[in-house]
Amino acid sequence: MSHVTNPATYFTAPLLDQTLQEIDVDISAQPYFYNNGGTPEFLADLSDAIELISASSTNASMSMGHVYVVPEEIETIQTDWGEQTQLAFAGNTFEFMPLKATPETAAAFGMTLVKAGQAIAVVATEQMLSQIEYRYGMMAGHFFPYDSSQANLTEKTLYPFVITDLEHHDFPHVFASTDPNQLPLVISVGRYFPKDRKIYLADLWVEYGDALYIPEMPKQVAPEFVDLHNNRNAALACWKAESGQSMIQMHTLLDPKGYFYWFWNACPTIHPQLDAFESAELNIDIT
40 MSHVTNPATY FTAPLLDQTL QEIDVDISAQ PYFYNNGGTP EFLADLSDAI ELISASSTNA
100 SMSMGHVYVV PEEIETIQTD WGEQTQLAFA GNTFEFMPLK ATPETAAAFG MTLVKAGQAI
160 AVVATEQMLS QIEYRYGMMA GHFFPYDSSQ ANLTEKTLYP FVITDLEHHD FPHVFASTDP
220 NQLPLVISVG RYFPKDRKIY LADLWVEYGD ALYIPEMPKQ VAPEFVDLHN NRNAALACWK
280 AESGQSMIQM HTLLDPKGYF YWFWNACPTI HPQLDAFESA ELNIDIT
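Under our numbering, think of the first position of the sequence shown as 40, with each following residue one higher.
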């Protein structure tokens with residue numbers, strides 16, 4: 040009797056993320072982020088032709104997104120890179136509301152939208168930062184970073200769903216939407232109210248050529264709310280499939296050696312496309 044052994048078949052390994060270019064940014068010498076027609080730049084001073092804007096103010100009443108009950112903080116652990124807090128969510132379905140990034144929706148999560156031709160002063164305790172051009176794959180959001188068996192990050196496992204994985208940190212961010220094929224950049228955001236035991240969740244869709252400025256957010260004692268973000272779902276627009284792309288490019292200002300505060304929940308989440316959500320909302324309004 041002969042035995043036929045079929046060879047194993049594997050999918051082509053998808054891109055998680057890739058660093059394309061990194062440059063140093065000395066905020067003490069170049070304190071202004073300038074959106075130069077969609078190209079991120081850092082300047083020592085500004086000409087009269089550049090519109091200088093201020094960081095947006097925010098408060099609890101400006102909160103947006105789908106809101107969910109957080110019955111408890113399960114545990115908080117310390118790592119070499121930062122603090123990880125696991126949150127419990129009440130319910131069975133958790134959806135991030137897709138929102139077009141506007142001055143109002145950005146401010147609802149403590150951010151400032153910087154349009155082409157505008158500049159903003161970057162406030163940073165740590166003056167030496169980096170601007171990194173990244174490439175994110177459409178499966179990057181499926182990476183589960185809280186697997187204790189992969190703590191050294193030498194291996195990464197993709198899960199069949201996307202969890203809630205949000206952060207704030209002791210340094211500022213700039214997320215610039217710079218994909219060469221002009222796909223929008225998606226930033227997942229949250230606003231967590233520890234005392235009220237609730238969290239607002241949304242996806243901000245940042246049009247090509249726009250940027251988001253996020254001020255440094257160190258840990259506070261008994262805050263009313265905590266604004267959170269993550270860019271691992273940056274390539275969400277690729278899932279629409281019309282572009283034929285499986286990855287997206289963007290620029291990020293950050294401190295690669297900075298200290299992070301992560302808030303996460305392991306339940307599967309839903310991330311609708313922006314146009315599908317807007318069409319559904321329109322139909323509801325009509326009926």
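Glycine is no exception: its CB is placed at the ideal position from the N, C-alpha and C atoms. Here the structure is a predicted model, which is why all the values come from computation and not from measurement.
Nearest-angstrom Cα separation, counted from residue j out to residue i
i, j, result
"Thr58", "Gln170", "11 Å"
"Glu263", "Ala146", "16 Å"
"Glu143", "Asn75", "22 Å"
"Asn178", "Asp87", "Checking the displayed sequence, the identity of residue 178 turns out to be Met instead of Asn. Rounded to whole angstroms, Met178 to Asp87 spans 43 Å at the Cα level."
"Val228", "His310", "12 Å"
"Leu54", "Ala274", "11 Å"
"Leu85", "Tyr71", "8 Å"
"Gln123", "Ala305", "13 Å"
"Arg236", "Glu114", "15 Å"
"Glu332", "Gly156", "Any question about residue 332 goes unanswered here, given that the chain covers just 40 to 326."
"Lys234", "Met101", "17 Å"
"Val161", "Ala47", "52 Å"
"Leu224", "Glu281", "15 Å"
"Asp294", "His105", "30 Å"
Reduced DSSP secondary structure (H/G/I, E/B, other) of residue i
i, result
"Gly121", "strand"
"Glu143", "helix"
"Met178", "coil"
"Met101", "helix"
"Ala163", "coil"
"Lys234", "coil"
"Leu54", "coil"
"Ser334", "Since the first residue shown for the chain is 40 and the last is 326, residue 334 is missing from the structure and cannot be characterised."
"Asp249", "coil"
"Leu313", "helix"
"Ala280", "coil"
Cβ neighbour criterion (16 or more within 10 Å) applied to residue i
i, result
"Glu206", "buried"
"Tyr49", "exposed"
"Asp249", "buried"
"Asn272", "buried"
"Trp303", "buried"
"Asn270", "buried"
"Asn45", "exposed"
"Thr78", "exposed"
"Gly297", "buried"
"Ser187", "exposed"
"Val260", "exposed"
Sequence-distant residues of its chain with Cβ nearer than 8 Å to residue i (five each side left out)
i, result
"Thr308", "Phe133, Glu134, Phe135, Phe200, Val201, Ile202, Thr203, Leu240"
"Thr141", "Leu152"
"Gly130", "Tyr107, Val108"
Start-to-end residues for the beta strand (DSSP E) that takes in residue i
i, result
"Phe264", "Looking at the DSSP string, Phe264 is not in any beta strand (DSSP E), and its letter there is neither H nor E."
"Val213", "212-216"
"Gln288", "286-293"
"Phe302", "299-304"
"Asn75", "71-75"
"Leu275", "Segment: none, Leu275 is in no beta strand (DSSP E) and carries neither H nor E."
"Val153", "151-153"
"Asp204", "203-208"
"Thr78", "78-82"
"Ile92", "90-92"
"Tyr198", "Counting along the chain, Tyr198 falls outside any beta strand (DSSP E), and DSSP gives it neither H nor E."
Cβ shell of residue i (< 7 Å), same chain only, five flanking positions each side left out
i, result
"Ala163", "Ile66, Phe210, Pro211, Glu255"
"Leu197", "Met178, His181, Phe182"
"Leu168", "Val64, Ile66, Phe210, Leu292, Leu293, Asp294"
Neighbourhood of residue i by C-beta distance below 6 Å, restricted to the same chain and skipping five residues each side
i, result
"Ala158", "Tyr71, Tyr73, Leu85, Ile89, Leu91"
"Trp301", "Gln123, Glu206"
"Glu80", "Tyr73"
"Gln221", "Tyr247"
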